[in-house]
């Protein structure tokens with residue numbers, strides 16, 4: 001298909017969304033308007049206004065125009081680009097945000113390819129560089145602030161520099177970093193959303209520091225976390241914190257078995273691409289609902305594919321099997 005034909009089709013689509021009553025026959029008579037072109041930025045040379053109008057057309061009636069504008073003006077910080085990349089990309093698709101901040105110190109490894117929508121060509125490149133490019137391909141008019149340094153002074157700068165963050169998405173791995181995010185978020189009254197992908201299920205934590213200045217870190221799942229010297233923790237103590245943060249009562253048998261194998265048969269916490277993708281969509285939806293003022297409360301929420309679709313998952317037999325495994329894990333850790 002020629003470049004001109006693509007532009008012509010886009011123009012007709014624009015005319016159709018502005019005039020939904022027109023028939024396909026009437027659309028064929030519409031002449032292309034070159035004033036809608038802007039040769040400076042967009043790959044198809046569309047003006048920013050037209051680009052935004054087309055890309056949000058299917059949101060209409062589900063997201064009202066004033067709401068869409070509010071989402072567009074919302075600045076979200078995404079920390080961690082594994083699950084976080086899915087959330088950031090989905091958020092950009094739906095909101096067409098003018099500004100977004102992404103943070104991750106790591107480069108893409110071959111083992112990331114099972115859950116990040118990137119190619120082999122990107123192995124060895126910084127995650128933020130690759131995701132920044134994708135975000136700007138989705139919305140060429142967006143400003144993407146990208147960071148690979150995750151020192152506390154840099155994180156502080158991300159929080160305190162303009163444009164100011166309005167929501168924080170925490171998808172980083174280490175407890176110290178997670179705590180740092182929450183300290184700044186509570187000081188600045190910014191809500192934090194975090195999703196843990198656990199085999200086929202998702203555990204979502206919402207912390208509304210914006211509406212409760214006394215909101216407890218991690219919803220009090222780690223009650224003594226501020227009294228612990230995180231820098232001096234042993235590997236066993238780190239595992240205990242992770243187990244406490246995740247909470248094992250709703251974890252599947254396969255995931256529980258995996259915990260026994262970390263450092264022996266497997267290197268680290270296993271993750272699946274489908275679950276990471278679902279988690280990204282859930283996070284983006286929660287950002288939207290929080291920004292638009294829906295009644296989203298702090299707490300731990302479970303989106304369990306196993307519970308919904310696998311009838312035997314909540315059978316007494318399987319529950320008892322999981323309880324035995326959890327007891328053993330607690331004894332070991």
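In UniProt numbering, the protein residues as written are 1 to 333.
Built from N, CA and C at the ideal position, the CB exists for glycine as well.
Note that the structure is predicted; figures quoted are calculated from it, not measured.
Identity of the residues DSSP links to residue i by a beta bridge
i           : result
residue 194 : 205
residue 150 : None; residue 150 has no bridge partner.
residue 101 : 77, 145
Three-state secondary structure (DSSP) of residue i
i           : result
residue 167 : strand
residue 96  : coil
residue 141 : coil
residue 54  : helix
residue 282 : helix
residue 310 : coil
residue 22  : coil
residue 333 : coil
residue 181 : helix
residue 241 : helix
residue 129 : helix
residue 46  : strand
residue 28  : coil
residue 107 : strand
residue 296 : coil
residue 172 : coil
residue 211 : coil
residue 228 : coil
Nearest-angstrom Cα separation, counted from residue j out to residue i
i           : j           : result
residue 268 : residue 261 : 9 angstroms
residue 115 : residue 29  : 46 angstroms
residue 130 : residue 137 : 11 angstroms
residue 233 : residue 175 : 11 angstroms
residue 70  : residue 292 : 8 angstroms
residue 213 : residue 186 : 6 angstroms
residue 313 : residue 333 : 25 angstroms
residue 222 : residue 216 : 9 angstroms
residue 41  : residue 57  : Any reading at residue 41 must be qualified, since the residue scores a pLDDT of 48, below 50, and its modelled position is unreliable; the value itself is stated next. Straight-line Cα distance between these residues: approximately 21 angstroms.
residue 110 : residue 83  : 16 angstroms
residue 231 : residue 181 : 16 angstroms
residue 1   : residue 304 : Low confidence applies here, because residue 1 scores a pLDDT of 48, under 50, leaving its location unreliable; read the following figure in that light. Between residue 1 and residue 304, the C-alpha separation is close to 44 angstroms.
residue 156 : residue 150 : 10 angstroms
residue 191 : residue 107 : 28 angstroms
residue 76  : residue 25  : 43 angstroms
residue 11  : residue 47  : 12 angstroms
residue 286 : residue 193 : 8 angstroms
Residue i: first and last residue of the uninterrupted beta strand (DSSP E) it sits in
i           : result
residue 292 : Element bounds for residue 292: n/a, residue is neither H nor E.
residue 315 : That residue, residue 315, is in no beta strand (DSSP E); it is neither H nor E in DSSP.
residue 299 : 299-304
Start-to-end residues for the alpha helix (DSSP H) that takes in residue i
i           : result
residue 72  : 65-72
residue 76  : Segment 76-79 is the beta strand (DSSP E) holding residue 76; no alpha helix (DSSP H) there.
residue 124 : Unbroken run through residue 124: none, as it is neither H nor E.
residue 113 : No alpha helix (DSSP H) holds residue 113; DSSP gives it neither H nor E.
Quick one: any contact between the region 194-206 and the region 161-178, if contact means 3 or more CB pairs under 8 angstroms? With a cut-off of 8 angstroms on Cβ pairs, the region 194-206 is in contact with the region 161-178, counting three or more such pairs.
Is it the case that the region 311-325 contacts the region 237-247, given that we only count it when at least three CB pairs across the two stretches are under 8 angstroms? No: the two stretches stay apart, fewer than three of their Cβ pairs being nearer than 8 angstroms.
Would the region 248-255 and the region 49-68 be scored as touching if the rule is three or more Cβ pairs under 8 angstroms? When Cβ pairs closer than 8 angstroms are counted between the two stretches, the region 248-255 is seen not to touch the region 49-68, the count staying below three.
At least three beta-carbon pairs within less than 8 angstroms, the region 294-304 to the region 141-153: no
Are the region 147-167 and the region 83-102 touching, with three or more C-beta to C-beta distances below 8 angstroms? yes
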